[in-house]
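Numbering (our numbering), first residue to last: 29 to 1041. Working notes for the structure below.
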Amino acid sequence: MTSTLAYYNQNAEVFYANTVDVDMSGLHDRFLSTVSPGGMVLDAGCGSGRDARAFRERGFRVEAFDGSTELARLASEHIGIQVTVRQFSEVREHSCYDGIWACASLLHLPQEEISSALQRLWNALKPGATFYLSFKLGVGERVQDGRHFTDVSEDQLQGWLSTLPDFERADYWQTADQRPGRSERWLNAIAFRAKTAKDKLVTGADDPFLPHISAAINHATDIDMAVAFIKTTGLRLLLPDLQSALAGDAKREIEPARVRVLTSDYLDVTDPEALRLLMLLQEQGAQVKVYESAGGSFHLKAYLFARYDGADGLTGTAFIGSSNISRQALQNGLEWNYRVDYPGDSGFLEARARFEELFAHIRSVPLTDAWIAQYEDVTCAAVYAGSQLSRADALERLKDGRLAIIFSVDLFNEGVDLPEIDTVMMLRPTESKILFLQQLGRGLRKCVGKEKLVILDFIGNHKSFLHKPQGLFEFDANYKRLAKFARDYETDKLALPEGCYVNYDLRLIDFLKSLDSDGIRNDYQAMRDTLGRRPTLAEFYRGGASMQSMRNDYGSWFQLVEAMDDLDDDERTITSVHRGFFREIEITAMSKSFKMVLLEAFQELNGWTVPPTTQTLAAASWRVLQRRRKLLADLPNTQRQLQDGTTSAWHRYWLDNPVNAWIGGNRATKNNSYFRVTDGVFQPSFKVAPELAQKFAPMIQELVDYRLASYEVRLGTEDIPDNVIPIDRAAKASGRVELPYFPNLKIACGHFKTGTADAEEYRALGPSYGRLDPERHFIARAAGNSMNGGKHPIQDGDYLLLEFITPTRAGSITGAVMAIERQDETGESSQYLLRTVLKSPEGGYILRANNPDYEDLPATEDMRTLARLKDVINPLDLAIGQAFMREEIPALFGDEFSVGKWNVGHISLADQKAAVLLVTINKQGKAVDHRYMDHWIDDKTFHWQSQNATTPTNKKGREIIDHEKTGTTIHLFVRENRLLNGKAAPFIYHGSVQYRSHSGSAPTSVVFELRDS
């Protein structure tokens, strides 16, 4: 090795120049795809530093070393980090690196030293990490240009790697030398180190805490739990097992267990309802105490389970970690709980002794109804005209401390002295600035022990809130002055007395700043930036812009487009010459859709150049109505039932309605009509210059599309417009298959349970569940907890995808999870059970549960295998295509509805690792801050625009863009309109989506693709 190092020290500059720019991106991509993003990478024998620098530039942390002093110096300068000088024999780290890169470096070692070097590098890898290495392909050792080489074959490299501890697998491949003029073949390998076995640490997510706790409860005679807080959601999950343990089982000669629970009042997090449930548990024999933290901390989370057995003595299990008793901690959350087993670890005995001390501590008081009442109590009172408590009495109680809060309605204004008040909360609007200042002023009196006055105003959404900045800061009541106030606030230019400060919600400040801006121009500019072109009028309308404001400010649509410099010269001429006609189309009264249908048909017939007869126009209008079937609702039943548009009855009806309307038949004078009928020909009353006709027609169609789009919203039917992807199209695109679902066929995960297949429904599943056949596959639900264990627990209520067992499709059943069927005692009904089928030593079969609390069952002759478990179905996959009201959606994700959380378009569910997008295509009626450009690009691609505050770099934006890296699933719900028949419209669930691209910032536009589910 000494001569090799001497070579590189002497030729460092040449070697650096020859290798630093060689393109290794292909190898980099393959290696880095196996390394955790941002992980620590060791470049072992870094040479010129080319690879280490590339890794740093891609966001990885890097350490590097080389045996050559001169190369280490050059590499340090190139990478920008200190490259250490050392040899492979000096690598002594343990479990430090997420990846190790040894590119063309180990090949300089003598063959007898390579195995030892591999072992040292392997020790430096973390569990689950990867190791890239490369050699020149060949066999044997050689010296070339003063350097030692060990060439390696794939078999030899496999032999070295397979002896490494925790070796999981390796990928091998060959490549050509990337340097110019070189023809050598290289042997590459990436070796994978196995992850640490999960036998002590319960980490949640795919290994939830609840099954471990349930199994321990059912096995213990002494159950002790000490947690900082208890939520009702979590306690309800444990109650059945705890109640069963307290009751015992006389038939099985199981004595009632001793159950003790210790929680706390720490930060008042424990639910009062959970405390009442504990009172019920206490009535059944449990002992429950509450540790009164008295302002201190109480972070204990320990679950201790002991069992006394005459033969084995004391055995036990403890879980000590992060989980309190809540649904998230027990089922869904990312929690760490370390398992301690006894005999084997005396830490179990230490934990039990510490629990005994705490349970007997003077601060641990028995849980009683009186304690719960005291825990819930807030000393407050409402004072109003007619209240039992008079104003004077309330003031006296506030003064002597018997009351902490008074709620009032206009009783504490001018003339009331309240010097003790140090907090004023505004909970209802007032139209009077004077009244607002009087209410605020009640807290401005000085008092002994009073250091400050805090004012909280929660009325920012009411128009009266605008009076309050004007009253506090004394400025004129106009929009421009309010906007200036907001800008002064942002730049800390408000004149405030010393020691005073004021905070306003940022959304309110943004709103105030917008009051003196041109909202219509801003809306137009935002849509143009999003679309990359000017918007059409229909898009502008659907984006939520005010049509009335647009016409008030600019006169008409194309005058706005002209003001935004988006018309060419011909279009400007058309807008100028035909302004009256364009405005007529834009604002003409429409009791039905017929006038716009006629114009669309007229355009399709090229009527501006060759005017059609009224018969031809009526027939073409019929075809437009058949294409826009939602508009057929405008027709009387008699006309709707006509076979086609060529009948005389249809011609007469069309003449009497839109034709008559356009020629001025409904007006006192026809002089100002834009069309006329001459000799049976429907023609315009004005001329369109031939050189402008090609651009004139599209401008007319743009106005027609807008009028029909706005008219369809008025219809209020349940039909879905063309620009919303109907769910059957989405289902067809994703290859969903409808399978039989038997809601009454409960597959028992406990003991055999009677079920029936008398109620058959159908549910659709996508290709992620493999090739499905309605003749072979069906869906049923699990009942019970016997399979709630192991790596793939099946929980009570889970949807199961099952495959019928037939003589031609039986296959091997050993080791498979099977649905077993047998007749009940009457012989009239069937019972079903889910178990893993195993061979017994005697040659028969046994049925085993995943939950160790359930005993094995021998298979008997009265049982038969009904079906093989193919998968446990995610309930959300069954919800695709279903309609949900906003209030119903949270339950799909195990959440509860609240207006503050769910009455928005982008909901983040951190505990569920999910984000929910609720999208309304038509934004008319939405507040300015809630108008976004959302639309379907095709059957599987959706363009979504974020809220105005979202950027690609803030938390909301990163959640969307990086959702695959963070493991977050994005779920898409879409509706066309906000209202349906005057009430809130439901959303259609389209499943999960995958980020494809984004553009813009505040708001950010994102393109999603529907996943196959």
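We put the CB at the ideal spot given by N, CA and C, even for glycine. Computed from a predicted structure; not experimentally measured.
To the nearest angstrom, how far is it from the Cα of Y36 to the Cα of D183?
The residue labelled residue 36 in the question sits at position 8 within the sequence shown. The residue labelled residue 183 in the question sits at position 155 within the sequence shown. Their backbone Cα atoms lie some 30 Å apart in a straight line.
Is N879 buried or exposed, if buried means 16 or more other CB atoms sit within 10 Å of its CB?
For the purposes of this step, residue 879 is taken as the residue at position 851 of the sequence shown. Buried, by the Cβ-count rule.
F383 and N365 look like a contact to me (Cβ under 8 Å); what is the Cβ gap, rounded to whole Å?
Residue numbering aside, residue 383 sits at position 355 when the sequence shown is read from its first letter. Residue numbering aside, residue 365 sits at position 337 when the sequence shown is read from its first letter. Not quite, the Cβ-Cβ distance comes to about 16 Å (not below 8 Å), so this is no contact.
Check each candidate in V605, I989, E803 and L861 and name the one with the smallest Cα separation from D824.
Here residue 824 refers to the residue found at position 796 when the sequence shown is read from its first residue. D824 has its Cα closest to that of L861, out of V605, I989, E803 and L861.
Going residue by residue through the region 871-933, where are the continuous beta strand (DSSP E) segments of at least 3 residues, counting only ones entirely within it?
873-876 and 891-901
Span separating the alpha-carbon of F93 from that of S181
As a working note, residue 93 is residue 65 in the sequence shown. As a working note, residue 181 is residue 153 in the sequence shown. Between F93 and S181, the C-alpha separation is close to 26 Å.
Applying the 10 Å Cβ sphere with the 16-neighbour rule, what's the burial state of W201?
Numbered from its first residue, the sequence shown carries residue 201 at position 173. So W201 ends up on the exposed side.
Reference H971; option with closest CA among G1028, P1014 and A919:
Taking the sequence shown and counting its residues from 1, one reaches residue 971 at position 943. Nearest C-alpha to H971: G1028.
Does the distance from the C-beta atom of F163 to that of L137 stay below 8 Å?
Numbered from 1 along the sequence shown, position 135 holds the residue referred to as residue 163. Numbered from 1 along the sequence shown, position 109 holds the residue referred to as residue 137. No, they are not a contact pair.
Measure how close the beta-carbons of V8 and A314 come, nearest whole angstrom, since I'm counting them as under 8 Å.
Missing from the structure shown is residue 8; the chain here goes from 29 to 1041 and no further.
Look at the Cβ atom of F1001, then the Cβ atom of I917, and state whether they are nearer than 8 Å.
Looking up residue 1001 in the sequence shown gives position 973. Looking up residue 917 in the sequence shown gives position 889. In this structure, I917 lies closer than 8 Å to F1001 by Cβ.
Same chain only: Cβ atoms within 6 Å of V589, ignoring 5 sequence neighbours per side:
Translated into the one-based positions of the sequence shown, residue 589 becomes position 561. For V589, where only same-chain residues beyond five positions count, the Cβ hits under 6 Å are L595.
Determine the direct distance from the alpha carbon of L377 to that of L308, and round the result to whole angstroms.
Walking along the sequence shown from the start, residue 308 turns up at place 280. Walking along the sequence shown from the start, residue 377 turns up at place 349. Near 30 Å, if we compare the C-alpha coordinates of L377 and L308.
Could you compute how far the alpha carbon of I142 sits from the alpha carbon of R197?
Locating residue 142 in the sequence shown gives position 114, where the first residue counts as 1. Locating residue 197 in the sequence shown gives position 169, where the first residue counts as 1. The straight-line gap from Cα to Cα measures roughly 19 Å.
Other residues of its chain near I400: CB distance less than 7 Å, five sequence neighbours each side excluded
Walking along the sequence shown from the start, residue 400 turns up at place 372. Counting only Cβ-Cβ distances below 7 Å, and skipping sequence neighbours, we find P300, L303 and R304.
Mind checking which residues open and close the alpha helix (DSSP H) that includes H56?
Along the sequence shown, read from residue 1 onward, the residue named residue 56 stands at position 28. That run of the alpha helix (DSSP H) goes S53 to L60.
Three or more C-beta pairs closer than 8 Å, one from the region 340-360 and one from the region 233-252: is that the case here?
yes
Beta-carbon contacts of L670 that lie in its chain and below 6 Å, excluding the five residues immediately before and after
One-based indexing of the sequence shown puts residue 670 at position 642. Cβ neighbours of L670 beyond the five flanking positions: W678.
Pull up the CB-CB distance for P802 and P768, whole angstroms please, since I reckon it's below 8 Å.
Locating residue 802 in the sequence shown gives position 774, counting from the first residue. Locating residue 768 in the sequence shown gives position 740, counting from the first residue. Their Cβ separation, rounded to whole angstroms, is 6 Å, which keeps P802 and P768 in contact under 8 Å.
From E1004, F177 and L189, pick the residue whose C-alpha is nearest to that of D147; which is it?
The residue given as residue 147 occupies position 119 in the sequence shown. Checking the sequence, you will find Gln at residue 147 rather than Asp. That would be L189, whose Cα lies nearest to the Cα of Q147.
Segment limits, alpha helix (DSSP H) that includes V605:
Within the sequence shown, the letter at position 577 stands for residue 605. Here the alpha helix (DSSP H) through V605 covers D597 to V605.
Consult DSSP for D538 and reduce its assignment to one of helix, strand or coil.
Translated into the one-based positions of the sequence shown, residue 538 becomes position 510. Correct three-state label for D538: helix.
Take the Cβ of P1031 as the centre, count every other Cβ of all protein chains shown within 10 Å, and call the residue buried at 16 or more, exposed below.
One-based indexing of the sequence shown puts residue 1031 at position 1003. That one is buried.
I'd like to know whether the C-beta atoms of L423 and L446 end up nearer to each other than 8 Å.
Here residue 423 refers to the residue found at position 395 when the sequence shown is read from its first residue. Here residue 446 refers to the residue found at position 418 when the sequence shown is read from its first residue. Going by C-beta atoms, L423 is nearer than 8 Å to L446.
Residue environment, L534, which counts as buried when at least 16 other CB atoms sit within 10 Å
Along the sequence shown, read from residue 1 onward, the residue named residue 534 stands at position 506. Exposed, because fewer than 16 other Cβ atoms sit within 10 Å of the Cβ of L534.
For D199, write down the residues that DSSP places opposite it in a beta bridge.
Reading the sequence shown from its first residue, position 171 is the one you call residue 199. I218.
Per-residue DSSP class, three states only, for N360:
By 1-based counting over the sequence shown, the position of residue 360 is 332. In this structure, N360 counts as helix in the three-state DSSP scheme.
What are the boundary residues of the alpha helix (DSSP H) that includes Q22?
Since the first and last residues shown for the chain are 29 and 1041, residue 22 lies out of range.
By a C-beta neighbour count over all protein chains shown, 10 Å radius and 16 as the cutoff for buried, is T864 buried or exposed?
Walking along the sequence shown from the start, residue 864 turns up at place 836. So T864 counts as buried.
Count the other C-beta atoms from every protein chain shown that fall within 10 angstroms of the C-beta of P208, then say buried if there are 16 or more, exposed otherwise.
Here residue 208 refers to the residue found at position 180 of the sequence shown. Answer is exposed; the Cβ neighbour count stays below 16.
In terms of alpha-carbon separation, which member of F486, A942 and N694 lies closest to R456?
On the sequence shown, position 428 is the one that residue 456 refers to. Out of F486, A942 and N694, F486 has the C-alpha closest to the C-alpha of R456.
So, for T203: in the same chain, excluding its five sequence neighbours on each side, which residues have a beta-carbon less than 7 Å away from its beta-carbon?
Looking up residue 203 in the sequence shown gives position 175. Around T203: W214 and N216.
How big is the Cα-Cα spacing for V48 and S76?
By 1-based counting over the sequence shown, the position of residue 48 is 20. By 1-based counting over the sequence shown, the position of residue 76 is 48. Cα-Cα distance, rounded: 6 Å.
Provide the residue(s) that pair with C408 in DSSP beta bridges, ordered along the chain.
Counting from 1 along the sequence shown, the entry for residue 408 is found at position 380. For C408, which the question treats as bridged, DSSP gives the partners I433.
Cβ-based neighbour list, I602, same chain, cut-off 7 Å, excluding 5 preceding and 5 following
Residue mapping note: residue 602 aligns to position 574 of the sequence shown, counting from 1. Once the five neighbours on either side are set aside, the close Cβ partners of I602 are L720, K723, F724 and M727.
Going by the beta-carbon positions, is the gap between A322 and A254 smaller than 8 Å?
In the sequence shown, counting from the first residue as 1, residue 322 sits at position 294. In the sequence shown, counting from the first residue as 1, residue 254 sits at position 226. Not a contact, by the Cβ cut-off of 8 Å.
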